[in-house]
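Reading through the structure tokens given below for one structure.
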Amino acid sequence: MKSNTHQVAIIGSGIVGLAHAWAAAKTGAQVTVFERTDKARGASVRNFGMFWPVGQPADLYPVALRSGELWREFATAMKTTARPCGSVHVVDHDDEAAVLEEFVKLGGDLGYECELWNRATVESRCPGVRPGIAKAGLFSPTETNIDPRESIATLPAFLTEKFGVRFRWKTAVTEVTTGLLRTADGTKHNFDDIFICSGHDFESLFPAVFTTVPMKPCKLQMLRTVPQPGGWKLGPMLASGLTLRHYANFEICPSLNAVKQRIATESPELDRYGIHVMASQDRNGGIVLGDSHEYANDIEIFDKAEIDDLILRELRRLFDFPDWTIAERWHGIYAKYPDHPEFRAEPLPNVHIATGMGGSGMTMSFGLAEMFLGKQLFSS
Ligand SMILES: Cc1cc2nc3c(=O)[nH]c(=O)nc-3n(C[C@H](O)[C@H](O)[C@H](O)COP(=O)(O)OP(=O)(O)OC[C@H]3O[C@@H](n4cnc5c(N)ncnc54)[C@H](O)[C@@H]3O)c2cc1C
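Each residue of the sequence shown is one higher than the one before, starting from -1 at the first, in my numbering.
This is the structure we're talking about:
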């Protein structure tokens, strides 16, 4: 346990910064979070709110499950939305059904809790699936639907009330050295440890660190329907056969290559924009829909109508929600460190960079931050 004279600064109030603030505060340190905007406005409030352990490779699955315990602790304490609804990958091709079957066998041996569902079960448990289309479904019980806007807005209050974490909003950090940071108004602040959790803005403070690191920003387009009528419920969160080529867990299946090749040949437009389709439900009943993946130099500030149309085309092929009226469209950008769960560096003593979780920040941040701070940084 650190004494509360151990001062820790966190730069960034997205999920990665908040996870580090929580983990550091639990060691007994006095934690201050610096956020340059008036509230978190980055990737952490722009996502699906899918806590999605099943998408993780087997070695990270237990870390994701630990994150889930922490999400439950937070949601229970603050009475925020956390729907432990599980997930279903709904597939409509035989080659995709073969991947699901293979994953249930191989993944089961590795500890994933999954069941293969036939069409009748998919249709009875997932009211949004178009009748007669599913070849099979992969049900996983470990997924939880979080509302990102609600939870990221509430986490600061939780950390302040329970752990005395301080927040400095509208305070950009412009310079960091060992033991000291400077904010945009020129003020200097002393800290024992400084964590830079600045999301896709990873280069501003320590550009030299990233000249040789293959870190990439990635832009995703998203949509949300109006609240569904009559309190209609989605049931488990939904993914499709396209998703099999997106998450690392399915890489253990030799049959996946055939799916990837067919999609590349039949629908190159989906690969061009990295499109796979998923659906979650927000606390007001709206269905959150997405997404696409455009990397680095392909990223433009303007969203492409073509991408939204492709996402909706693929979703509507499989799913039939009562009301498809689109209420909101937006994009988010995250930092992706390819083939790694996250990026960590210590550019100066006691100055730590943590970013690069890609599409898994809501799933992995709590577990990874706790693991890093608990076992490595403060273990002495
Ligand atoms: C569209 C979309 C859908 C996604 N869906 C999911 C999902 O369903 N499940 C899942 O697990 N993950 C999902 N993700 C991934 C997840 O959202 C990200 O991994 C995660 O939000 C990244 O968090 P972060 O804290 O690194 O970044 P951010 O949330 O972007 O936070 C970084 C913060 O740092 C602040 N900052 C930067 N520089 C400074 C500075 N110098 N001084 C002060 N403050 C600074 C920024 O203002 C910002 O608030 C999705 C991402 C997107 C974009």
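Note that CB positions come from ideal geometry on N, CA and C, so glycine has one too. The structure displayed is predicted, hence computed values, not measured ones.
field: Pairwise C-alpha distance: N348 and S378
entry: Low local confidence applies: a pLDDT of 45 at S378 is under 50, so the model's placement there is unreliable, and no value is given.
message: Is the separation between the beta-carbon of C83 and that of L232 shorter than 9 Å?
response: In this structure, L232 lies closer than 9 Å to C83 by Cβ.
- request: Kindly list the residues whose CB is nearer than 6 Å to the CB of F32, restricted to its own chain and excluding five residues on each side of it in sequence; keep chain order.
  value: Hits under 6 Å: I9, R166, T169, V171.
message: For a test of the three-state rule: what should DSSP assign to V88, helix, strand or coil?
response: Note: V88 maps to strand in three-state DSSP.
For D318 and F101, the rounded distance between their alpha carbons: Roughly 27 Å between the two C-alpha positions.
message: To test your reading of the DSSP string, which unbroken beta strand (DSSP E) runs of 3 or more residues are found completely within the segment 233 to 259?
response: The qualifying runs are 235 to 238.
message: Could you compute how far the alpha carbon of L98 sits from the alpha carbon of L136?
response: So the two alpha carbons sit approximately 6 Å from each other.
field: Residue range of the unbroken beta strand (DSSP E) whose run includes G197
entry: Per DSSP, G197 belongs to no beta strand (DSSP E) and is neither H nor E.
message: Any contact between the segment 112 to 125 and the segment 142 to 154? By contact I mean 3 or more CB pairs, one from each, below 8 Å.
response: With the rule of 3 Cβ pairs closer than 8 Å, the segment 112 to 125 does not count as touching the segment 142 to 154.
task: Excluding the 5 residues preceding and the 5 following E111 in the sequence, name in chain order all residues of the same chain whose CB lies nearer than 7 Å to its CB.
output: Cβ neighbours of E111 beyond the five flanking positions: S138, P139, T140.
query: From this set, A21, G284, E340, R315, which residue's C-alpha is nearest F156's C-alpha?
result: Nearest C-alpha to F156: A21.
message: If distances are taken between C-alpha atoms only, which option among R327, Q226, P205 comes closest to M220?
response: For the options R327, Q226, P205, the alpha carbon positioned closest to that of M220 is the one of R327.
- request: Note down the Cα distance separating T209 from F200, rounded to an integer number of angstroms.
  value: Going by the C-alpha atoms only, they are around 11 Å apart.
field: Strand pairing of T181, partner residues [DSSP]
entry: Residue pairing by DSSP places T181 opposite V171 in a beta bridge.
Proximity below 9 Å, CB of I194 to CB of A333: Cβ distance not < 9 Å, so I194 and A333 don't count as in contact.
message: Measuring only from the beta carbon, is C251 closer than 8 Å to any heavy atom that is part of ligand 1?
response: False, no ligand heavy atom lies under 8 Å from that Cβ.
query: Cβ-heavy atom distance between Y332 and ligand 1 below 8 Å?
result: When distances are taken from the beta-carbon of Y332 to the heavy atoms of ligand 1, the shortest one is below 8 Å.
message: For ligand 1, is there any heavy atom lying closer than 8 Å to the beta carbon of M213?
response: Flag unset: Cβ of M213 not near ligand 1.
query: Near D36, what residues of its chain come up, given a Cβ to Cβ distance below 7 Å and the 5 sequence neighbours on each side ignored?
result: Closer than 7 Å at the Cβ level, and outside the excluded window around D36, lie W167, K168.
- request: Using alpha carbons as the reference points, say which of I192, F189, L218 lies closest to V43.
  value: Distances from the CA of V43 to each of I192, F189, L218 were compared; the closest alpha carbon is that of L218.
- prompt: With DSSP run on the structure shown, which of helix, strand or coil describes S377?
  reply: Confidence at S377 is low in this model, with a pLDDT of 48, below 50, so its placement is unreliable and no value can be given for it.
- request: Just the C-alpha distance for E292 and T3, rounded to the nearest angstrom, thanks.
  value: Their Cα atoms are separated by approximately 44 Å.
message: Considering Cα atoms alone, identify which of T263, I297, L108, T223 is closest to H329.
response: Looking from the CA of H329, the closest CA among T263, I297, L108, T223 belongs to I297.
message: At a threshold of 8 Å, does A246 count as lining ligand 1 (C-beta to nearest heavy atom)?
response: No - ligand 1 has no heavy atom lying nearer than 8 Å to the Cβ of A246.
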